[in-house]
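In case it helps, numbering that gives the first Met the number 0 puts the sequence shown at residues 0 to 376. Here a beta-carbon is modelled for each residue, glycine too, at the ideal position from N, C-alpha and C. First up is the structure itself, then whatever we jot down about it.
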Amino acid sequence: MNEAFHRIYGARPDGIWAAPGRVNLIGEHTDYNDGFALPIAIPQRTLVAARRRRDGRLRLHSAQAGGPVIDLRPADLVPGVTTTWGAYPAGVLWALREAGHRVGGADLHIDSTVPTGAGLSSSAALECAVAFALADLYGLALDAPALALLAQRAENGFAGVPCGVMDQMASACCTVGAALHLDVRAGVHEQVPFAPEAGGMTLLVVDTRVKHDLGDGAYAALRAGCERAAALLGLAALRDLTPAELPRATRALPARLVPLVQHVVTENARVAEAVAHLRAGDPAALGPILSRGHASLRDDFRISCAESDLVVDTALAHGALGARMTGGGFGGSVIVLAEESATRTLGAAVTAAFGAAGYQAPHLFPVSPSAGARRIA
Ligand code: ADP
Ligand code: MG
0 MNEAFHRIYG
10 ARPDGIWAAP
20 GRVNLIGEHT
30 DYNDGFALPI
40 AIPQRTLVAA
50 RRRRDGRLRL
60 HSAQAGGPVI
70 DLRPADLVPG
80 VTTTWGAYPA
90 GVLWALREAG
100 HRVGGADLHI
110 DSTVPTGAGL
120 SSSAALECAV
130 AFALADLYGL
140 ALDAPALALL
150 AQRAENGFAG
160 VPCGVMDQMA
170 SACCTVGAAL
180 HLDVRAGVHE
190 QVPFAPEAGG
200 MTLLVVDTRV
210 KHDLGDGAYA
220 ALRAGCERAA
230 ALLGLAALRD
240 LTPAELPRAT
250 RALPARLVPL
260 VQHVVTENAR
270 VAEAVAHLRA
280 GDPAALGPIL
290 SRGHASLRDD
300 FRISCAESDL
310 VVDTALAHGA
320 LGARMTGGGF
330 GGSVIVLAEE
340 SATRTLGAAV
350 TAAFGAAGYQ
360 APHLFPVSPS
370 AGARRIA
């Protein structure tokens, strides 16, 4: 990073910061419903080498995006001006200033091992790495959850993506050997020990390498549907509906909103169930919960796709404990929990099934719960 930074900017960086991608074990599309989620950080991460600038300018370079350095003057740091990838880091600086923090400019060089657009949250990794870097460079007393909220604000308000806060909280707050039990309404989180390897298991990520265009507008539409359903029920958010109240609630709603509510309510319950199993030292019991979560996203929320379903079905047919799509949907990645001894044959079966279906080969890699965002040099 130091060499690359020097080549681009002709000086040494003041430091290097890292923030990971994530997979969500369970609790999908619940964050913007004020609910619960259970993500882990993955070893793949985004690095930012950064140097302070006194003149307020923000210069950006990414090894993945390539191209020339993006050079933004203070007047450019308003929503809508930057529409390329630079909107994510620029949005972080904007969000910090909007919140009243005194932050000058910076030169940033970015390099990442998080695949982009694969549902592993490269966007939050980028935002969080930049947020942690700017906070340190300018001596801001902001803790990890506060930086996560600012990173979300950058994505919502500057990059124009109406995401919830789960991705940023995962990237900012996760720890090695634990899943992050997130309660969005309460604004609290706790670390729940999760060490699949210690129990003889593997958590496998299968990046389907497809991204269906449908996903772009669909996220906002689903979110609007959930908010409409809550309003019709007289609730602040779907988080306030319990499984016992579901039958009565569904009778009161238009048919198109019922499956959305069904998913969110049962998904919040699945997070609680998963956390109880982890606390009881039984990570294998997550398996069926993952699979039920997938069925709910496929049949009720309707955001899976043929490729993700094929991974799940093939993995389960070859002995997986459980599997589900993770992330926003319409492609991206699937997670598979399996006995370590079953992982090799199961992975080969998934790859073979993709070949037989005429899909491009998926990327398969094991992950274990990894560190959240921090300064590394
Ligand atoms: P995901 O977060 O699931 O990877 P998103 O569509 O939310 O998918 O975010 C991907 C976008 O984030 C990319 O299109 C790009 O604009 C930006 N991005 C992420 N990582 C990088 C990087 N290393 N360099 C430049 N841009 C990046
Ligand atoms: Mg993202």
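- Closest in alpha carbon position to Leu-240, among Glu-266, Ala-223, Asp-106, is Glu-266.
- Ala-62 counts as exposed, since fewer than 16 other beta carbons sit within 10 angstroms of its beta carbon.
- In chain order, the residues with a C-beta atom nearer than 6 Å to some heavy atom of the ligand ADP are Thr-45, Ser-61, Gln-63, Ala-64, Trp-84, Tyr-87, Ile-109, Ser-111, Thr-115, Gly-116, Ala-117, Gly-118, Leu-119, Ser-120, Ser-121, Ser-122, Leu-125, Gly-326.
- With fewer than 16 other Cβ atoms inside 10 Å of its own Cβ, Ile-375 counts as exposed.
- When secondary structure is reduced to three states using DSSP, Val-77 falls in the coil class, being assigned neither helix nor strand.
- DSSP places Gly-346 inside the alpha helix (DSSP H), whose first and last residues are 339 to 356.
- Membership of Leu-259 in the alpha helix (DSSP H) is indicated by the continuous run 257 to 278.
- For Glu-189, the uninterrupted beta strand (DSSP E) run begins and ends at 187 to 192, by DSSP.
- At a threshold of 7 Å, Asp-166 counts as near the ligand MG, since its beta carbon sits closer than that to one of the ligand's heavy atoms.
- Spanning the alpha carbons of Gln-190 and Cys-173 requires a straight line of approximately 7 Å.
- In terms of Cβ geometry, Ser-120 and Ala-169 form a close pair [threshold 8 Å].
- Annotation: the continuous alpha helix (DSSP H) that includes Met-165 extends over 165 to 172.
- Per the coordinates, the alpha-carbon of Cys-162 lies some 20 Å from the alpha-carbon of Ser-295.
- With a threshold of 16 other beta carbon atoms within 10 Å, Pro-242 falls short and is exposed.
- In this structure, Ala-132 and Leu-146 do not form a Cβ contact; the two beta carbons are roughly 10 Å apart against a cut-off of 8 Å.
- Inside the stretch 12 to 72, DSSP marks whole beta strand (DSSP E) runs of 3 or more residues at positions 14 to 23, 38 to 52, 57 to 61, 69 to 71, from first to last along the chain.
- Leu-76 and Leu-148 have their C-alpha atoms some 19 Å from each other.
- About 4 Å separates the Cβ atoms of Arg-56 and Gly-104, confirming a contact at the 8 Å cut-off.
- Val-366 and Ala-251 have their C-alpha atoms spaced approximately 43 Å apart.
- Leu-202 has Leu-336, Val-366 as its beta-bridge partners, per DSSP.
- Residues of the same chain with a CB within less than 7 Å of the CB of Thr-344, apart from the 5 flanking positions on each side, are His-317 in chain order.
- Cα atoms of Asp-106 and Leu-95: separation of roughly 16 Å, rounded to the nearest angstrom.
- Taking a C-beta distance under 8 Å as the contact criterion, Asp-30 and Ala-236 do not qualify as a contact pair.
- Take Thr-342, set aside five residues on each side of it, and the residues of its chain with a beta-carbon closer than 7 Å to its own are Thr-201, Leu-203, in chain order.
- Residue Arg-184 holds the alpha-carbon nearest to the alpha-carbon of Phe-35 among Arg-247, Arg-184, Phe-193.
- Distances from the alpha-carbon of Ile-25 to those of Ala-219, Asp-299, Ile-334 put Ile-334 closest.
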